[in-house]
Amino acid sequence: MLFEFDYDKYNYEYSECDKSELMKEFGLLQRKIKELGIPVLIMLEGWECSGKGYVINDLVREVNHKYTKVHVFSEMTEEEREKPFLWRFWNCIPAKGEIAVFDRSFYYDLMDDLNLTKKKTAKYIEDIESIEKQLRDDDTVIIKIFLNISEQTQKNRIQEYETHKYKKILVNERDYRQNRSYDEYLKHFNQVLKDTDFKGSRWNIIPSESMKKASLEVLGNCIDILKKSILKHLEFGSVVDKEELLFPESKKIIEELDYDLSLSHKEYKKIKKDLEPKLNSLGYEFFVKKVPSILIFEGVDAAGKGGAIKRLTKCFDPRGYEVVPISAPSDVENSYHYMWRFWKEIPPNGKMTIFDRSWYGRVLVERIEGFATEEQWKRAYNEINEIEKHLRKSGVLILKFFIAIDNDEQLRRFNDRMLNPDKNYKLTEEDWRNREKWDSYLSAYDDMIERTSTEYAPWIVIPGNDKYYARIRVLEEVLKRGLKFIEDER
C-alpha cells in the first residue's frame, strides 16, 4: 500500500534546509513562471489535522500575491449544488503566469465519502482525470500533495486543538469521524491515490508528523517540479509532451444537405402558432423539474442564427433563460484555458443558457485563422466531447444546432445586408474575408460535426436557405428533444 512506510525512517530531503531560503527561492521561481506565462496549480489534500493550513501559509509567504490565489474547498454552497461537479473548480483555475493553491480540491468528495458506489467513484475519477489532462495539455503544471499522519498523531492534534482558544474552531465532525474510522479511511485513501496517480500529475505523499518538516518537504518538492517545468518550457516551448494526432478526412456533410427544403409563409405562421404555447409549457416544466439546459447555435455566416434564437426565446419566460453572444476573447479570457470563459455561463438547475456561437470557435475560427495551433485545435475535439459528457452526466440537456446555407445564398444575403440601412451593421470586413475561405470553413464544419456529434450531445444540422423552414425546425427539435429528455430522466 502507498502508506506502508516507517515515519521515523522517511527520508526528508529538505529537512536541513533553511525555510526562509526555500520560501525566497519559491518566490523567485514565481517571477519566472509569470515571465514565461506558465499556469501552476498546487493541490493540498490529506488527513484532517495534517497541517494543510500550516503548509500553505509557508508556501505563499514570499510570493507576489497579485499572481497567487488560495482557494479553500469544503462543503458545496447552494449555488455550487445547482451546477455540475467541475464548475466550481474550472472557475478557480490559474491564468497563464499565475499560481493557484487549492486547499482541498477535485478530490474533496471522493476522499471524504466512504460509502460511494463503484459507479459514483468511477464517475468522479473519470471527471477528475479529464480536467487534469485538459489543464496539463494547456501547459498547466499540476502539483498534487497528500499530507499523511498516523492515527495517534491525528488524535493528539484533535485534543490539542480542542483546548486551544482559537484553534478549536478548526475541529469538526469530519475530524472525529476520520479518527474513529482511521483504518477504513486509510484503506480508502490508498485506493483513491492509486486510482488517480495519473501520468503528468502524480501524487507526492509527504508524512506530516512534524508540520515543520512537512512544510520544508512541500516547498522543496514544489521548487524541484517548477525548475524542471521551466527548463522544459525553455527547451521545448511547452511543459508537456506533445502527441501526434491522427486526423482522417471527414465525410461531406454540409455540401450534401437539401437546401431546397422550404415552407410557405402561411405554413410557417400556422406551425409556429401551434408550437409556441407548447414550448412555453416546456420552459416552465424545465423550471419546475429543475432541468438545466444549454442550447448551442453555430452556423455559416448569415445563416440566420440570430433570427432562429429570436423566434425561440419568444416562446419562453425571459426570467428563465439567458442568451450569451460569443465574440473574440478578451485579453483576460485569453490568459486562461479557452474553456474557462464558457464555464462561467453554465446555467443552474431549471435555467437555460443559449450560446450564440460557443466553445466550438476553437475548431472553427481559431483553426482557420491560426489563433490555435494545429495540435491545440485537433486536441479540442476530444476535450469538448469530455466536457459535454460531464455536463450530460450532471443532468444538463445539451442541444446543438448548426444552420447552413449554400454559397450562392450567402452572397445574396451579404448583398442584401450591404444595401439595407437596417441590416448593414451586421455585415463586416471579417464576413467578406471569411467568405474567401469558404472551402476551408466547409472542411472545418464537416470535421466538427463528425467528431463532436455524440449520443449525449448530437448535432442537429439544418439547411437554412429558407429561413421559415430553419426556424420551424429549431422550434420542433427543441420541443421534441426537450420532452424526450424529461421523459428519460424520470
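Heads up: the sequence shown begins at 37 in our numbering, then just goes up one per residue. We treat Cβ as the ideally placed atom computed from N, Cα and C, and that holds for glycine.
- When K341, E525 and M388 are compared, the shortest CA-CA separation from F438 is found for K341.
- When C-alpha distances from S298 are compared across L95, E81 and I498, the shortest belongs to I498.
- Three or more pairs of CB atoms, one per stretch, sit closer than 8 Å, so the segment 486-505 contacts the segment 427-447.
- Distances from the CA of F125 to each of W376, Q446, N421 and K516 were compared; the closest alpha carbon is that of W376.
- Here W468 is exposed: its Cβ has fewer than 16 other Cβ atoms, across all protein chains shown, within 10 Å.
- Take K380, set aside five residues on each side of it, and the residues of its chain with a beta-carbon closer than 7 Å to its own are N127, in chain order.
- In this structure, the CA atom of Y477 is about 7 Å from the CA atom of I404.
- Annotation: Y461 is outside any beta strand (DSSP E) and is labelled neither H nor E by DSSP.
- Contact annotation: H107 and D139 have beta-carbon atoms nearer than 8 Å.
- In this structure, N184 places its C-beta atom within 8 Å of the C-beta atom of S86.
- Taking the CA atoms as reference points, R449 sits about 15 Å from Y504.
- Take D163, set aside five residues on each side of it, and the residues of its chain with a beta-carbon closer than 7 Å to its own are F121, L122 and H426, in chain order.
- DSSP places F138 within a strand segment (E or B) once states are collapsed to three.
- When DSSP states are grouped into helix, strand and coil, N184 belongs to the strand group.
- The closest CA to that of V360, considering only N370, S371 and F378, is found on F378.
- Taken in chain order, the complete alpha helix (DSSP H) segments of 4 or more residues contained in the segment 170-250 are 187-198, 209-216 and 218-231.
- Leaving aside the five residues that flank N257 on each side, the residues in its chain whose CB is nearer than 6 Å to its CB run, in chain order, N240.
- At a Cβ-Cβ threshold of 8 Å, L435 and R526 do not count as neighbours.
- For P499, DSSP records a beta bridge to A440.
- The beta carbon of R398 lies closer than 7 Å to those of Y374, A408, W413 and A416 in the same chain, with the five residues before and after it left out.
- Residue environment analysis places I382 among the buried positions, since at least 16 neighbouring C-beta atoms fall within 10 angstroms of its C-beta.
- Here G335 is buried: its Cβ has 16 or more other Cβ atoms, across all protein chains shown, within 10 Å.
- At least 8 Å separates the beta-carbon of F322 from that of M247.
- In this structure, DSSP gives P120 a state outside helix and strand, which the three-state scheme calls coil.
- Considering only I181, N385, P130 and E465, the residue with the shortest C-alpha distance to V324 is N385.
- Bounds of the beta strand (DSSP E) holding S329 are S329 to G335.
- The Cβ-Cβ distance between E512 and L270 does not fall below 8 Å.
- A residue is called buried once 16 or more other Cβ atoms fall within 10 Å of its Cβ, and D173 is buried on that count.
- Per the C-alpha coordinates, the member of L95, D94 and D148 positioned closest to E111 is D148.
- The C-beta separation of V254 from I242 comes to about 6 Å, placing the pair in contact by the 8 Å criterion.
- Looking at the backbone, the Cα of E81 and that of D145 are separated by about 11 Å.
- Assignment of Y144 by DSSP, reduced to helix, strand and coil, places it in the helix class.
- M79 has its alpha-carbon roughly 6 Å from the corresponding atom of S141.
- The beta-carbon distance between I441 and A339, rounded to whole angstroms, is 5 Å. This is short enough to meet the 8 Å contact definition.
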